[in-house]
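**Student:** The letter at position 111 of the sequence shown is residue 111 when you use full-length UniProt numbering, and the numbering goes up by one with no holes. Quick reminder that beta carbons are idealized off the backbone N, C-alpha and C, glycines included.
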Amino acid sequence: MGNQTSKLDNKSTLYDLFGVTIDVDADQLKRAYRAKALELHPDRNAHRLEEATALFAKLQAAYDLLQDSKERAWYDNQLKRPGYSTYDPNLTTAEEIRQVTRQVISQSQINFMQIAGYFNKLKHEEQEAAFAQHTDMPYYLMEAPPFGSATDNWTQVSKFYDSWSSFSTIKDFSWEDVHPLHEISDRKTRRKLEQQNKRLRESAKKDYNVAVKQAVTQLRQIDPRKKTITKSKPQPTPNETNLDNQMSALKLRESYVEQEWMKTDSTELDDSEIHECIVCESVFETEFDLLHHNKTNVHKRKLMLLKQSMALEDELLGLSSGAKTESQDQNNTIKTKAETKPLGKAKTKANKKKKMQQQMLTCGTCGQELMSDEFIIHKQMTRH
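1) Can you tell which of Glu51, Lys379, Asn120, Ile110 has the C-alpha that lies nearest to the C-alpha of Ala94?
2) Should Glu143 and Ile170 be called a contact, given that it needs their Cβ atoms to be closer than 7 Å?
3) Is the Cβ-Cβ distance between residue 391 and Phe167 less than 7 Å?
4) According to DSSP, is His275 part of a helix, a strand, or is it coil?
5) List the residues that DSSP assigns as beta-bridge partners of Thr362.
6) Would you list the residues sitting across from Phe284 in a DSSP beta bridge?
7) In three-state terms, what does DSSP make of residue 390?
8) Cutting at 8 Å between CB atoms, please list the residues of its own chain near Asp270, excluding the five before and the five after it.
9) Assign Ala26 to one of three DSSP states: helix, strand, or coil.
10) Determine whether the beta carbon atoms of His299 and Glu287 lie at a separation below 7 Å.
11) What did DSSP end up calling His47 once you bin it into helix, strand or coil?
12) Where does the unbroken alpha helix (DSSP H) through Arg225 begin, and where does it stop?
13) I need the boundaries of the alpha helix (DSSP H) containing Lys159, first residue and last residue.
14) I need the DSSP call for Met137, collapsed to helix, strand or coil.
15) Could you give the C-beta distance for Asn197 and Asp177, rounded to a whole number, given that I count them as a contact under 8 Å?
16) Just to confirm the assignment, what range does the alpha helix (DSSP H) spanning Leu17 have?
17) Applying the criterion that 16 or more other CB atoms from any shown protein chain within 10 Å of the CB defines a buried residue, is Val20 buried or exposed?
18) Nearest-angstrom Cα distance between Thr135 and Asp23?
19) Under 7 Å, do Ala62 and Leu14 count as touching if we go by C-beta distance?
20) Should the region 23 to 41 be called in touch with the region 189 to 203, which here means at least 3 C-beta pairs below 8 Å?
21) Quick one: measure Cβ to Cβ for Val279 and Lys302, integer angstroms, because I've assumed they're closer than 8 Å.
22) Note down, in chain order, each residue of its chain lying with its Cβ closer than 8 Å to the Cβ of Leu55, except the 5 sequence neighbours on either side.
23) Note down the Cα distance separating Tyr161 from Arg220, rounded to an integer number of angstroms.
24) Quick check: what's the CA-CA separation for Ala46 versus Thr92?
25) Spatial neighbours of Gln218 within its chain, please: CB distance less than 7 Å, with the 5 preceding and 5 following residues excluded, ordered by chain position.
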C-alpha cells in the first residue's frame, strides 16, 4: 500500500502532510496529527509566524477530511483512480521554494544565475496560469525587472524586491481538490464537498504566497549589492557640515519663537471667551446665554437706571453736552401720547431726526459719540 502511494500521480497527498502512508490506522493518524500540529502551531513559531499559520491551516483542513471514515474511504478510492490529478509535476511548490531559500542562505556566496533562473520560472508559471484562466498578470509582476547580476547597483535591484514583495499567485490550486464535483448530483452533498475543496485550495494558496514573500525578504537581507549604497554615498565637506549646523540652529530658533507666539495667542483667546454683562455684573459661559440675558426684564430695568444715572452724572460734572440731551430725552419719554399734538409730515421727520440726535451719548473716557444702544455695548467691550 505504501509503495502504491508514492507512485500516485506525482502529487503530494494529504497523508504526506502528516508523514504517514495511506494504510495508516485512525489512532496512528491522530498521533501524527497531534505531533505535526504541535510542531507547526503558530504560538511555537513566532520567528516564522506567517509560514506556520498557513501550514497549520492546511494541516487542519486535511485532518478534518481524513478523520471521517466515509470521507477517507472515498478519498482513498479517488487516489487510486488513474488520471484523477490535474497537478502538473513541473509546477513549483511552497516546500521547494523554502528548500531553495535555505540552500541559498547556507552558501557563502550568492549564486545570482541560480536565483535569477528560479524567479524567472516562478514568473513563467504565473504567465501560464493567467493564460489558462483567460486573465491578465498583475501589473507589478508584469513590470518586475530580473534579479540581475552581481554588478548591478542597488537602485535597479530594489525595484525587483519591491515588485516581488507584493506577490500573490494567480494559480487556482485546483489540484488540491479531493472531490471531483462533476460526479456528484445531490446539491447538498455537492455544496459540502465544494466547501472542502475550497478550503484546501485557499490553505495551499496562502502557504505558497507566504513562501515566496519570505524568500524575497530573506534574499534581500543577505544581498551584497545593498552595501553599494553606503560605499557610493558622498561624504559631506566641512563647509557643508557647518552649513547644516547653522540651518539646524536657525530652525530651532524659529521653532522657539513660534512656540512663544502660540503661547501668547492662546492667552488672548482665553480672555476673549469671557461673556460678561457690566450692567448686571454677571458672567456667562456662552455668547448665547449673554444675548438671552440682555432680553430679560431685569436687565432692561437695570440698563434704563444706568442710563439715567450716567446722564445725570455727566450733566453734573459738565463732561459733555450728550448728557443734557440724554436727560432731555428721558424727560421727553415720560410724556404720554395724549399730551403730544399731531404734527405735519415735515415736522414729524424733523422731530424724528432730533430725537435720534438726542439719543447720541459721548464716552467720558475716550470721547467717542455713540447711539445709546451702541454706547452700552461700547462700555461692556472696553470697560470705560
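**Tutor:** A quick look at the data gives this:
1) What you label residue 94 is simply residue 94 of the sequence shown in a count that begins at 1. The shortest Cα separation from Ala94 among Glu51, Lys379, Asn120, Ile110 belongs to Glu51.
2) Taking the first residue of the sequence shown as 1, we reach residue 143 at position 143. Taking the first residue of the sequence shown as 1, we reach residue 170 at position 170. Their beta carbons are not under 7 Å apart, which means Glu143 does not touch Ile170 by this criterion.
3) Because residue 391 is not part of the residues shown, which for the chain are 1 to 384, the question remains open.
4) Within the sequence shown, the letter at position 275 stands for residue 275. The answer is strand: DSSP assigns His275 an E or B state.
5) For the purposes of this step, residue 362 is identified with residue 362 of the sequence shown, where counting begins at 1. Answer is Glu369.
6) Here residue 284 refers to the residue found at position 284 of the sequence shown. His275, per the DSSP bridge assignment.
7) One cannot answer for residue 390 here, as it falls past the ends of the chain, which runs 1 to 384.
8) As a working note, residue 270 is residue 270 in the sequence shown. Confidence in Asp270 is poor, its pLDDT being 48 and thus under 50, which makes the residue's placement unreliable; the coordinate value appears in the next sentence. Closer than 8 Å at Cβ, skipping near neighbours: no residue.
9) The sequence position of residue 26 within the sequence shown is 26, counting from 1. DSSP places Ala26 in helix when its eight states are reduced to three.
10) Position 299 of the sequence shown, counted from the start, is the residue given in the question as residue 299. Position 287 of the sequence shown, counted from the start, is the residue given in the question as residue 287. Contact: no.
11) For the purposes of this step, residue 47 is taken as the residue at position 47 of the sequence shown. In this structure, His47 counts as helix in the three-state DSSP scheme.
12) Reading the sequence shown from its first residue, position 225 is the one you call residue 225. Run containing Arg225: none; DSSP gives neither H nor E here.
13) The residue you call residue 159 lines up with position 159 of the sequence shown. Its alpha helix (DSSP H) spans residues 154 to 164.
14) Sequence index remark: in the sequence shown, residue 137 carries index 137 (1-based). It is coil, neither helix nor strand.
15) Taking the sequence shown and counting its residues from 1, one reaches residue 197 at position 197. Taking the sequence shown and counting its residues from 1, one reaches residue 177 at position 177. About 4 Å separates the two Cβ atoms, so the contact holds.
16) Within the sequence shown, the letter at position 17 stands for residue 17. Per DSSP, Leu17 belongs to the alpha helix (DSSP H) from 14 to 18.
17) Numbered from 1 along the sequence shown, position 20 holds the residue referred to as residue 20. Classification of Val20: buried, given that the 10 Å Cβ count is 16 or more.
18) The residue you call residue 135 lines up with position 135 of the sequence shown. The residue you call residue 23 lines up with position 23 of the sequence shown. Those two C-alpha atoms are separated by around 41 Å.
19) Residue mapping note: residue 62 aligns to position 62 of the sequence shown, counting from 1. Residue mapping note: residue 14 aligns to position 14 of the sequence shown, counting from 1. Cβ distance < 7 Å, so Ala62 and Leu14 count as in contact.
20) no
21) Walking along the sequence shown from the start, residue 279 turns up at place 279. Walking along the sequence shown from the start, residue 302 turns up at place 302. That belief holds up - the Cβ atoms of Val279 and Lys302 are roughly 5 Å apart, short of 8 Å.
22) Here residue 55 is taken as the residue at index 55 of the sequence shown, counted from 1. The answer, listed in chain order, is Leu40, Asp207.
23) Residue 161 sits at position 161 when you count from the first residue of the sequence shown. Residue 220 sits at position 220 when you count from the first residue of the sequence shown. In a straight line, the C-alpha of Tyr161 is about 7 Å away from that of Arg220.
24) Translated into the one-based positions of the sequence shown, residue 46 becomes position 46. Translated into the one-based positions of the sequence shown, residue 92 becomes position 92. Straight-line Cα distance between these residues: approximately 26 Å.
25) Mapped onto the sequence shown, residue 218 falls at position 218. Excluding residues within five positions, the ones whose Cβ falls inside 7 Å are Thr101, Ile105.
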